[in-house]
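First to last, the protein sequences are chains A and B. According to my numbering, the stretch in the first sequence is residues 162 to 570, in order. According to my numbering, the stretch in the second sequence is residues 162 to 570, in order. Think of the CB as a built atom: it goes at the ideal place given N, C-alpha and C, for glycine as much as any other residue. Values in this document were obtained by computation on a predicted structure and should not be read as measured data.
Number of protein chains: 2
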Amino acid sequence: MTDSQALNEQTVIDYIKQTSVFSHIFDGNDDLKSQQIAEGNVNLLFRVSSEHDPIHKSVIVKQALPYAWRYPDFKMPLDRSRIEYEVLTIEGRYCPQQVPEIYHFDEEKHILIIEDLNQHLVMREGLMKQIRYPLVANHIGTFMARTLFYTSDLYLSSGEKKAMVPKFINPVLCKVQEDLVFTQPYMDHPNNRWSKLLEPQVRQIHQDDDLRSEIFELKELYMTHAQALIHNDLHTGSIMLNEHETKVVDPEFAFFGPIAHDIGSYIANLALSYASQEFHARDETVRKEYRLWLAQLVKDTWRVFENEFLTLWENEGNDDWPSPSFRKKYIQQLLQETLGFGAAEMLRRLIGMAHVHDFWTIDNEEIRAISESIGINIAVNWLKNRRKVFSIDEAVEMMLESKSSYPFI
Amino acid sequence: MTDSQALNEQTVIDYIKQTSVFSHIFDGNDDLKSQQIAEGNVNLLFRVSSEHDPIHKSVIVKQALPYAWRYPDFKMPLDRSRIEYEVLTIEGRYCPQQVPEIYHFDEEKHILIIEDLNQHLVMREGLMKQIRYPLVANHIGTFMARTLFYTSDLYLSSGEKKAMVPKFINPVLCKVQEDLVFTQPYMDHPNNRWSKLLEPQVRQIHQDDDLRSEIFELKELYMTHAQALIHNDLHTGSIMLNEHETKVVDPEFAFFGPIAHDIGSYIANLALSYASQEFHARDETVRKEYRLWLAQLVKDTWRVFENEFLTLWENEGNDDWPSPSFRKKYIQQLLQETLGFGAAEMLRRLIGMAHVHDFWTIDNEEIRAISESIGINIAVNWLKNRRKVFSIDEAVEMMLESKSSYPFI
Numbered sequence: 162m163t164d165s166q167a168l169n170e171q172t173v174i175d176y177i178k179q180t181s182v183f184s185h186i187f188d189g190n191d192d193l194k195s196q197q198i199a200e201g202n203v204n205l206l207f208r209v210s211s212e213h214d215p216i217h218k219s220v221i222v223k224q225a226l227p228y229a230w231r232y233p234d235f236k237m238p239l240d241r242s243r244i245e246y247e248v249l250t251i252e253g254r255y256c257p258q259q260v261p262e263i264y265h266f267d268e269e270k271h272i273l274i275i276e277d278l279n280q281h282l283v284m285r286e287g288l289m290k291q292i293r294y295p296l297v298a299n300h301i302g303t304f305m306a307r308t309l310f311y312t313s314d315l316y317l318s319s320g321e322k323k324a325m326v327p328k329f330i331n332p333v334l335c336k337v338q339e340d341l342v343f344t345q346p347y348m349d350h351p352n353n354r355w356s357k358l359l360e361p362q363v364r365q366i367h368q369d370d371d372l373r374s375e376i377f378e379l380k381e382l383y384m385t386h387a388q389a390l391i392h393n394d395l396h397t398g399s400i401m402l403n404e405h406e407t408k409v410v411d412p413e414f415a416f417f418g419p420i421a422h423d424i425g426s427y428i429a430n431l432a433l434s435y436a437s438q439e440f441h442a443r444d445e446t447v448r449k450e451y452r453l454w455l456a457q458l459v460k461d462t463w464r465v466f467e468n469e470f471l472t473l474w475e476n477e478g479n480d481d482w483p484s485p486s487f488r489k490k491y492i493q494q495l496l497q498e499t500l501g502f503g504a505a506e507m508l509r510r511l512i513g514m515a516h517v518h519d520f521w522t523i524d525n526e527e528i529r530a531i532s533e534s535i536g537i538n539i540a541v542n543w544l545k546n547r548r549k550v551f552s553i554d555e556a557v558e559m560m561l562e563s564k565s566s567y568p569f570i
Numbered sequence: 162m163t164d165s166q167a168l169n170e171q172t173v174i175d176y177i178k179q180t181s182v183f184s185h186i187f188d189g190n191d192d193l194k195s196q197q198i199a200e201g202n203v204n205l206l207f208r209v210s211s212e213h214d215p216i217h218k219s220v221i222v223k224q225a226l227p228y229a230w231r232y233p234d235f236k237m238p239l240d241r242s243r244i245e246y247e248v249l250t251i252e253g254r255y256c257p258q259q260v261p262e263i264y265h266f267d268e269e270k271h272i273l274i275i276e277d278l279n280q281h282l283v284m285r286e287g288l289m290k291q292i293r294y295p296l297v298a299n300h301i302g303t304f305m306a307r308t309l310f311y312t313s314d315l316y317l318s319s320g321e322k323k324a325m326v327p328k329f330i331n332p333v334l335c336k337v338q339e340d341l342v343f344t345q346p347y348m349d350h351p352n353n354r355w356s357k358l359l360e361p362q363v364r365q366i367h368q369d370d371d372l373r374s375e376i377f378e379l380k381e382l383y384m385t386h387a388q389a390l391i392h393n394d395l396h397t398g399s400i401m402l403n404e405h406e407t408k409v410v411d412p413e414f415a416f417f418g419p420i421a422h423d424i425g426s427y428i429a430n431l432a433l434s435y436a437s438q439e440f441h442a443r444d445e446t447v448r449k450e451y452r453l454w455l456a457q458l459v460k461d462t463w464r465v466f467e468n469e470f471l472t473l474w475e476n477e478g479n480d481d482w483p484s485p486s487f488r489k490k491y492i493q494q495l496l497q498e499t500l501g502f503g504a505a506e507m508l509r510r511l512i513g514m515a516h517v518h519d520f521w522t523i524d525n526e527e528i529r530a531i532s533e534s535i536g537i538n539i540a541v542n543w544l545k546n547r548r549k550v551f552s553i554d555e556a557v558e559m560m561l562e563s564k565s566s567y568p569f570i
């Protein structure tokens, strides 16, 4: 595509009028307004809605350009919009409640039109406000179990799986994660950033070759272990929700990778929120109680995942794995790898390039250092001791016991 | 292709005359003779040689049909000949000494013309005659290290590797191995065969769900762990050698899989030979000494592999894995997985469908039962205790200590 095909606030309306979305969503009413949304770094995003009913008649238009929208020097494959479309379709087949509705896909112009989740909040922001979502453990546990089980060798036939894998080889976006999650944070690299006050703790991590080796073991799994079609960017910023509904968005990073990477990323971001409550929940009682709610959320999410995954395996699994011991070990290994991938996600958010809102909004340097140090300690604990963990309760116990190393004595 | 394109002893000569092989190998001399070779189950095979110099002027013509040559009901993908050609080319680039020369490839007719290894013996047969090959540890250790290192993420860039993987997705031939190696031998299946005298030992294996679980862990790795371009059928029947030269043939099963599967398959077949010497080396002293030679061969092969692999990694590895601890753990894990995959290969040759010459040539049922029982015990020992093994010497010790369970008391 050429740059001239990039949509703007006017042409996006003209574009919609040429699609079935115009009659299907807007009843052909010519009162559309549009607004570019400056969230996200990668794609052009617009909200197009009806003047007379902007809540119910509204869509999101997402266009992939051959580069990252916010960083034009960063080239990106246009194919990511096809991957996003196909993954949303697959996820929607197996877990429609947790996936936004797709209205339109234009493979030539790399435009995807989907449901506007304008009654939903980004989960990360909700957690920063100590909102409790009663259904989210169920929703995300189920989403992970279903999308991961149905695209694994436990459900698909050997041939079906092997036919799917090459459609989702995603070299550029995978390379971003290989570098930013599994490599740069563990060496001197100009992309890395961390709180100055944590210098001694970060230096210790950089000098710890056993820790780096643990991370590289996970990196090797990430690069080679084509276990299921994973979302590959499943953090609390990719989840939009409210009290009743939870939707997982933005699967353009998807590829066949290790199942535990999705679970780990999600749980890591709950643990990051846990650590950052040092600042966000200023009242001590509120903080303590919300942290316990987050701890319970980690446990509940895992339990829902495990139960749903094992139930699906029992009822709909193929005939290729007839062994009760194997099922037990498979789940055990998923738990241990989840803690490993979770640790990698936490560390890269704390000492790598891509930090998260939970921490960068903390303007008090001391409190930020304390929060981040708690996060680092949870991560290092999970990373180094994961092979001794046999239940999610033990993992959460490790989280609850982790303190800040700052101020250093 | 149609069946009418299948070569026969006459048309294969006509075919050669139309290729550059005729001038290049045969100097355009019209004194060719041909002979169909009835070895192998899968492809049409011919030897075409010059009447006046059949030793030096001779080629092998290999044609893939859309089914297994010996079992026409068994459909097979024609694409396997393209895979064989490309893998021979890649192997030849990195380890030319251990790969037959390619003279010609016809993608349309699925015909490959390669060097005739008429001065070489199939390694399995050589071992059955207690021949000692002074260079084979070096040759095969080097072959494995080089072909596996140069196609792994330790050498290739992330993007290069991801571009190669889909070219070698090999669903039909992988499925053969998934079924015959990792599934059927561990359940009641009509394909399985075993010596009647070993019934109690085989029944025990079938009832052992922990053992089945260990096998399924390896199967999961086999199906998902795209570590390097592996040969995937690297046993002593795929190796042609003499005192000076060693050549690895028949890579049509190749795909991106676990490195340890190649090493394990090869070492397993040395251990099978070790067990079968109960019959083949009738003289007790000869047997004892040849078994020690085989044990040493296992050790030497691993050491050559490990040294060469680590040297390549040090000198030519990419910059993605800068951690001494990781290298050490990587090799340790390869060793443990090698014993696992080795055990799976041994068991499937003893209680599955595809038995090997080493045992089926034993006409004395008692001696065959003793030999096979030794093999089963080596395999079960490796399979169940591999995570406690940290050196090849320990693994070989386990082999030397394994006795026959037959006669059962």
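- A Cβ of chain A is located within less than 7 Å of the beta carbon of B/G320.
- At a cut-off of 7 Å, the C-beta of A/I330 has a neighbouring C-beta in chain B.
- Within chain A, the residues W482, S484, F487 have their CB atoms less than 8 Å from the CB of B/F377, given in chain order.
- Close CB contacts of A/A229 within its chain, under the 7 Å cut and outside five residues either way in sequence, are with N202, V203, F235, M237 (chain order).
- The segment 553 to 562 of chain A makes no contact with the segment 504 to 520 of chain A: fewer than 3 CB pairs, one atom from each, lie closer than 8 Å.
- By the Cβ-count criterion, B/R364 is exposed, with fewer than 16 other Cβ atoms from all chains shown falling within 10 Å of its own Cβ.
- For A/M384, the nearest beta carbon of chain B is closer than 7 Å to its own beta carbon.
- For A/E269, there is no enclosing alpha helix (DSSP H), as DSSP marks it with neither H nor E.
- The beta carbon of B/N169 lies closer than 8 Å to those of Q197 in the same chain, with the five residues before and after it left out.
- According to DSSP, B/K194 shares a beta bridge with B/S210.
- B/G418 sits in a strand when the DSSP states are folded into three classes.
- Ranked by how close their Cα comes to the Cα of A/L206, the residues A/I275, A/S181, A/T180 have A/I275 in first place.
- Only buried fits B/G536, as 16 or more other CB atoms lie within 10 angstroms of its CB.
- Look at the segment 426 to 482 of chain B and you find these whole runs of alpha helix (DSSP H), each 4 residues long or longer: 445 to 477.
- Within chain A, not a single residue places a beta-carbon under 9 Å from that of B/K549; the smallest gap is close to 15 Å.
- Scanning chain A for C-beta atoms nearer than 7 Å to the C-beta of B/T344 yields D481, reported in chain order.
- In chain B, no part has a C-beta under 8 Å from the C-beta of A/D349; the shortest such distance is about 11 Å.
- Residue state for B/M401 is assigned as strand, using DSSP reduced to three classes.
- Three or more Cβ pairs closer than 8 Å define a contact, and the segment 246 to 259 of chain A meets that threshold against the segment 396 to 410 of chain A.
- At a C-beta separation below 7 Å, B/P327 has these neighbours in chain A: P327, I330.
- Cβ-Cβ separation between A/S319 and B/K336: approximately 5 Å, consistent with a contact (criterion under 8 Å).
- The CB of A/A387 comes closer than 7 Å to the CB of T385, A387 in chain B, given here in chain order.
- Taking a cut-off of 8 Å on C-beta distances, the segment 352 to 367 of chain B does not touch the segment 418 to 427 of chain A, as fewer than three cross pairs fall below it.
- In the DSSP annotation of this structure, the continuous segment of the alpha helix (DSSP H) that includes B/I251 starts and ends at 241 to 255.
- In the structure shown, B/H367 falls within a helical segment according to DSSP collapsed to helix, strand and coil.
- When 8 Å is used as the limit between beta carbons, B/K490 is near these residues of chain A: S374, E378, in chain order.
- In terms of Cα proximity to B/N479, the closest of B/I539, B/E321, B/W543 is B/E321.
- Non-local beta-carbon contacts of B/L382 in its own chain, meaning distances under 6 Å to residues more than five positions away in sequence, involve P419 in chain order.
- Taking a beta-carbon distance threshold of 7 Å, A/K236 does not count as an interface residue toward chain B.
- In the displayed model, B/Q171 falls within coil according to three-state DSSP, outside both helix and strand.
- For A/H386, the beta-bridge partners assigned by DSSP are B/H386.
- A/V333 and A/L561 have their C-alpha atoms roughly 37 Å apart.
- When the alpha-carbon of B/T522 is set against those of B/Q388, B/K290, B/D188, the nearest one is in B/K290.
- A/L282 sits in a strand when the DSSP states are folded into three classes.
- Note on geometry: alpha-carbon atoms of B/T308 and A/L288 lie some 50 Å from one another.
- Classified as exposed, B/P568 has fewer than 16 neighbouring CB atoms from the shown chains inside 10 Å of its CB.
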